[in-house]
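Engineer:
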Amino acid sequence: MNILIQTIGFGIVSASIIAVGAMGFTIQFGLTNVLNLSFGGVMTVSAFIIYLTEQQAGINVWLGLLLAGVGAAALTVFLGKTVFKVYARRGTHLFEMVMVTLGLSLVIEYAVDAISRDQVYSISFDQGASYHIGAVTLSESQIIIVGIGIVVFLALEGLLHLTRLGKALRAMAVDPGLARSCGIPTNRIVNATWLISGFLCGVAGVIYVINSLSVSYTTGMLFLPSVIAAAILGGVGSPRGAILAALLLGLVTQLVAAAGLSAYSSMAAFGVLVIVLLARPSGVLSAAARKVELTL
Amino acid sequence: MTSRWQHLGRWAGIASMVAASGFAVALPAASAGATNKAHRSAKAAKGALNEAIVIAYTGPVSFEGAAADAGVYPAIDEINAAGGILGHKVNVVPVDTKGDPADAVPQVDKLIATTSHIIGVAGVGTASAPTIVPILNSAHLPMFAFAGEAAFDHSKYKYFWRLLPPDDAVGKAMDLYAHQEGYKKVALVFGTTTGAQSNLPGILAGMKPTHEKLVAKITVTPEQPSYRAEVEKLVAAHPQVILTEMDTATSVTFFSELKQLGHMLPIIGTNTEVTSTWENAVRKALGTSTFNKDIRVLDTVAANKSPATAAYAKALKLAKSKVVAPWTGWVGNSHSQAAYDAVVVQALAMTASHSVTPKVYNNHIMTVTQKGSGKKVVYTYASGVKLLKAGKKIQYVGAGGPINFDKWHNSFGNMEAVKINAKDNTVPVKTIFEKAILKIG
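Sequence lines, in order, name chains A and B. Counted from 1, the first sequence has number 268 at position 256 by my numbering; the numbering is strictly sequential. Counted from 1, the second sequence has number 101 at position 93 by my numbering; the numbering is strictly sequential.
(1) Rounded to a whole number of angstroms, what is the C-alpha to C-alpha distance between residue 298(B) and residue 56(A)?
(2) Would a check of beta-carbon distances place residue 275(B) closer than 8 Å to chain A?
(3) Where residue 218(A) and residue 427(B) are concerned, what is the direct C-alpha to C-alpha distance, given to the nearest angstrom?
(4) Report back the beta-carbon spacing between residue 278(B) and residue 253(B) to the nearest angstrom; my notes put them in contact at under 8 Å.
(5) What's the gap between the Cα of residue 86(B) and the Cα of residue 369(B)?
(6) DSSP three-state call for residue 56(B): helix, strand or coil?
(7) According to DSSP, simplified to helix, strand and coil, what is residue 227(B)?
(8) Applying the criterion that 16 or more other CB atoms from any shown protein chain within 10 Å of the CB defines a buried residue, is residue 191(B) buried or exposed?
(9) What residues match up with residue 149(A) in a beta bridge as DSSP calls it?
(10) Would a check of beta-carbon distances place residue 128(A) closer than 8 Å to chain B?
(11) What residue from 168(B), 147(B), 124(B) has the CA that sits closest to residue 137(B)'s CA?
(12) Kindly say whether residue 304(B), judged by its beta-carbon, lies nearer than 8 Å to any beta-carbon of chain A.
(13) Residue 238(B) CB to nearest chain A CB: under 8 Å?
(14) Do you know offhand how far residue 267(A)'s Cα is from residue 259(A)'s?
(15) Can you give the Cα-Cα distance for residue 236(A) and residue 124(A), rounded to whole angstroms?
(16) Are three or more beta carbon pairs between the region 285-298 of chain B and the region 147-156 of chain B nearer than 8 Å?
(17) Is residue 172(B) near the ligand GDP, judged by its Cβ being under 7 Å from some heavy atom?
(18) Answer with yes or no whether the minimum CB distance from residue 19(A) to chain B is below 8 Å.
(19) Going by DSSP, what residue range makes up the alpha helix (DSSP H) through residue 286(B)?
(20) Can you pull the DSSP bridge partners for residue 215(B)?
(21) In the DSSP assignment, what residue or residues form a beta bridge with residue 411(B)?
(22) Going by DSSP, what residue range makes up the beta strand (DSSP E) through residue 252(B)?
(23) If the cut-off is 8 Å on Cβ atoms, which residues from the region 137-151 of chain B count as contacting chain A, listed in chain order?
(24) Along the alpha helix (DSSP H) that carries residue 448(B), what are the first and last residues, could you check?
(25) Which residue's Cα is closest to the Cα of residue 260(B): 245(B), 151(B), 233(B), 326(B)?
(26) When we look at the beta-carbon of residue 414(B) and count the other beta-carbons within 10 Å, is it buried (16 or more) or exposed?
(27) Taking the alpha-carbon of residue 285(B) as reference, which of 69(A), 209(A), 182(A), 227(A) has the nearest alpha-carbon?
(28) Output, in sequence order along the chain, the residues in the region 33-54 of chain A whose CB is closer than 8 Å to any CB in chain B.
(29) If we cut at 8 Å on Cβ distances, does residue 87(A) have a partner in chain B?
(30) Does residue 238(B) come out as helix, strand or coil in the three-state DSSP assignment?
(31) With a threshold of 7 Å on Cβ separation, who are the neighbours of residue 30(A) within its own chain once the five nearest residues in sequence on each side are excluded?
(32) Do you know whose CA, among 205(B), 62(B), 119(B), 322(B), lies nearest residue 407(B)'s CA?
(33) Between residue 443(B) and chain A, is the shortest Cβ-Cβ distance under 8 Å, so that the two count as touching?
(34) Going by beta carbon distance, what residues of the same chain come within less than 6 Å of residue 67(B), once the five residues before and after it are set aside?
(35) So which residues on chain B does residue 269(A) lean against when the C-beta distance must stay under 7 Å?
(36) Pull the bridge partners of residue 134(A) from the DSSP assignment, please.
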């Protein structure tokens, strides 16, 4: 019984990491309809930023997290404005845009591979004291990771429902043409979305590394399937759905591993994705089928 | 101004599209490009021979490529410096299999179809070996494999040779070492890769004769963000020792979490872990004192004081710009030593047979490696050639120690448990004798 409770605790930690990435992914995907596979590459870059700032420059890890978030946001905005926008203007369709993002992802991944000399880098920092919450023992850094997941969720919900930016963003997600006709500055909204998405991508990359304690050029790409699965399972554009889906994926992964079937944990998680989407093709918290045009 | 920017935007779009799609195609094929380059340079040198390295340079087992390079390039440079093989200079043709059987086949087909004067192949690696070995064997190309698969323990491939212990033998050696250290309750933590999994049959076979009890068997999917559930399961089983083989990132995460829970245990790994990447990352994750105290790995017995090892170290230093830094990390590496010995053995066999034809010299590999009456022991290519030209018979003792091929072309000898010091050098702790390994059956 204790192992089961502990496993749920670890599942929540894993879910928090997935959730931050999935919320960043879903908010951008929900607005622009770009299935951005370069998200994984940007995540890898942010993971290396934390390695360089924390391990090489000696900067505090949480300050490093902010720097990595800012760096990832800047890179994402750059890609959004210079690459994706150019393709969209030239009439690139959804599938071709996916291939562009895949190409970019490979460019980033192999560039990082070359620069990092194909090495795996270990990140060693003080995880802080261990806390016993019932039968669950979590380190200080893991509790902070869960806290980050909750804060990001609340901040996004607040942004979407309590601010003008959020209202504009939701309006654009439903009907970009109508939103533009109503005087919403769509370009600025899209840029703001790239910025938020990139920042969350960077934060996700960093907390992934804080938990796994190693970074290599494949870090982001290996983590990306879980992020996309949570974003799609939760319903595209829904941070609430993303966090619920991340929780489901995190718990399934850990419970299967605790049952002694570790090699099948990822398979089980994606099996859940397939089954849930069979019942609810638009995701758990998405009411209707989405409009599928690029909005850039 | 606007039209100028629109014009620029159009070209930027075209350039970006070409770049994005081009890179997607070109980057994975980078290794093939390297192969072509090597191929062209080989053709440019008249009469030159080509030694191929068919191994993973990218992907999860890319450490094999680095180890192969660290053996082959020094050997080739040494051979060329000594006048080449029967007057022919030798080039290296690297081929990246990515450690994937499906990726490996077309690369090997291409190598055979487009490269002339291939004399042999070094480093057929784990995972891709089952698909590559039959192709190379059909092409009559002697190959010296890194692959540890037990399927090659008793294979009938005439051109297959292996200077490293098969994985099942490593597994049995792990059992024997754990037994000698007095451990009774054993946990197995292995990655899902072919190379890692192929140790398990040997370990399980060795448990009964060593009276060890398996308390946990955990298979981990590589590079997950956390293994806390698996670690908790491991701890709950109360093992005395962990036998393991995992890639670097997985090892860092798994063992860090084990240490965080305050349940660090002695760990016995395989020779796959004797790479500077693995050592540096895991040492940093665990701390030097824990790493030194708890980590032991099974490796082949390195002939540290042999003249062949000294010759290898010298050749390696001279070729240091061609190998992954730091070059000193490869001096005691059993894989790179095996790759070095493989090339020297091939070159000596060609000299002994007076032929650079693979089909001919393959029959003389045993001639230059096995013990025999009247044979002179040699430790370098140059000294071997000198004696062969003088009509003497030789036995090459390599950087990895004496070579003693069985009838299935496997040679591995004694093994030893080693610890790894701060300079990435292996320090022997206990010898596990080949006889004891073979006795397990």
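A virtual CB, placed ideally from N, CA and C, is assigned to each residue, including glycine.
Structural biologist: Quick look at the numbers:
(1) Working through the second sequence from its first residue, we reach residue 298(B) at position 290. Working through the first sequence from its first residue, we reach residue 56(A) at position 44. Distance between the alpha carbons of residue 298(B) and residue 56(A): 29 Å.
(2) The residue labelled residue 275(B) in the question sits at position 267 within the second sequence. Closer than 8 Å: no.
(3) Along the first sequence, one-based indexing puts residue 218(A) at 206. Along the second sequence, one-based indexing puts residue 427(B) at 419. Distance between the alpha carbons of residue 218(A) and residue 427(B) is about 33 Å.
(4) Stepping through the second sequence from its first residue, residue 278(B) is reached at position 270. Stepping through the second sequence from its first residue, residue 253(B) is reached at position 245. That pair is a contact at about 5 Å.
(5) In the second sequence, counting from the first residue as 1, residue 86(B) sits at position 78. In the second sequence, counting from the first residue as 1, residue 369(B) sits at position 361. Answer to the nearest angstrom: the Cα atoms are 20 Å apart.
(6) Indexing the second sequence from 1 puts residue 56(B) at position 48. Coil at residue 56(B), not helix or strand.
(7) Residue numbering aside, residue 227(B) sits at position 219 when the second sequence is read from its first letter. The DSSP-derived three-state label of residue 227(B) is strand.
(8) Walking along the second sequence from the start, residue 191(B) turns up at place 183. Residue environment analysis places residue 191(B) among the buried positions, since at least 16 neighbouring C-beta atoms fall within 10 angstroms of its C-beta.
(9) Taking the first residue of the first sequence as position 1, residue 149(A) is located at position 137. According to DSSP, residue 149(A) bridges with 144(A).
(10) Here residue 128(A) refers to the residue found at position 116 of the first sequence. Not closer than 8 Å to any Cβ of chain B, the Cβ of residue 128(A) fails to qualify, so no.
(11) Mapped onto the second sequence, residue 137(B) falls at position 129. Answer by Cα proximity: 168(B).
(12) For the purposes of this step, residue 304(B) is identified with residue 296 of the second sequence, where counting begins at 1. By this cut-off, residue 304(B) is not an interface position.
(13) Here residue 238(B) corresponds to residue number 230 of the second sequence, with the count starting at 1. Look at residue 238(B): its C-beta is under 8 Å from a C-beta on chain A.
(14) The residue labelled residue 267(A) in the question sits at position 255 within the first sequence. The residue labelled residue 259(A) in the question sits at position 247 within the first sequence. For residue 267(A) and residue 259(A), the distance between alpha carbons rounds to 12 Å.
(15) Here residue 236(A) refers to the residue found at position 224 when the first sequence is read from its first residue. Here residue 124(A) refers to the residue found at position 112 when the first sequence is read from its first residue. So the two alpha carbons sit approximately 16 Å from each other.
(16) Touching, no.
(17) Looking at this structure, you won't find the ligand GDP or any other ligand, since it has none at all.
(18) For the purposes of this step, residue 19(A) is identified with residue 7 of the first sequence, where counting begins at 1. Output row for residue 19(A): interface = yes.
(19) Within the second sequence, the letter at position 278 stands for residue 286(B). According to the DSSP assignment, residue 286(B) belongs to the alpha helix (DSSP H) that extends over 284-294.
(20) The residue given as residue 215(B) occupies position 207 in the second sequence. Answer is none; residue 215(B) lacks a bridge partner.
(21) In the second sequence, counting from the first residue as 1, residue 411(B) sits at position 403. Per DSSP, residue 411(B) has no beta-bridge partner at all.
(22) Counted from its first residue, the second sequence places residue 252(B) at position 244. That run of the beta strand (DSSP E) goes 249-253.
(23) Answer set for the region 137-151 of chain B: empty.
(24) Here residue 448(B) refers to the residue found at position 440 when the second sequence is read from its first residue. Unbroken alpha helix (DSSP H) run through residue 448(B): 442-448.
(25) Translated into the one-based positions of the second sequence, residue 260(B) becomes position 252. It is 233(B) whose Cα lies nearest to the Cα of residue 260(B).
(26) Counting from one through the second sequence, the residue named residue 414(B) turns up at place 406. Answer is exposed; the Cβ neighbour count stays below 16.
(27) In the second sequence, counting from the first residue as 1, residue 285(B) sits at position 277. Closest option to residue 285(B), Cα to Cα, is 227(A).
(28) Listed by position, the residues of the region 33-54 of chain A near chain B (Cβ gap below 8 Å) amount to none.
(29) As a first step, residue 87(A) must be located in the first sequence, where it is residue number 75. It does not; no Cβ of chain B falls within 8 Å.
(30) Position 230 of the second sequence, counting from 1, holds the residue named residue 238(B). Helix at residue 238(B).
(31) Position 18 of the first sequence, counted from the start, is the residue given in the question as residue 30(A). So the list reads 238, 239, 242, 258, 261, 262, once near-sequence residues are dropped.
(32) Residue 407(B) sits at position 399 when you count from the first residue of the second sequence. It is 322(B).
(33) Counted from its first residue, the second sequence places residue 443(B) at position 435. No, residue 443(B) lies away from the interface with chain A (no Cβ there is under 8 Å from its Cβ).
(34) In the second sequence, residue 67(B) corresponds to position 59, counting from 1. Cβ contact annotation for residue 67(B) (same chain, cutoff 6 Å, sequence separation greater than five): 106, 107, in chain order.
(35) Sequence index remark: in the first sequence, residue 269(A) carries index 257 (1-based). Those are 237, 238, listed as they occur along chain B.
(36) Working through the first sequence from its first residue, we reach residue 134(A) at position 122. According to DSSP, residue 134(A) bridges with 226(A).
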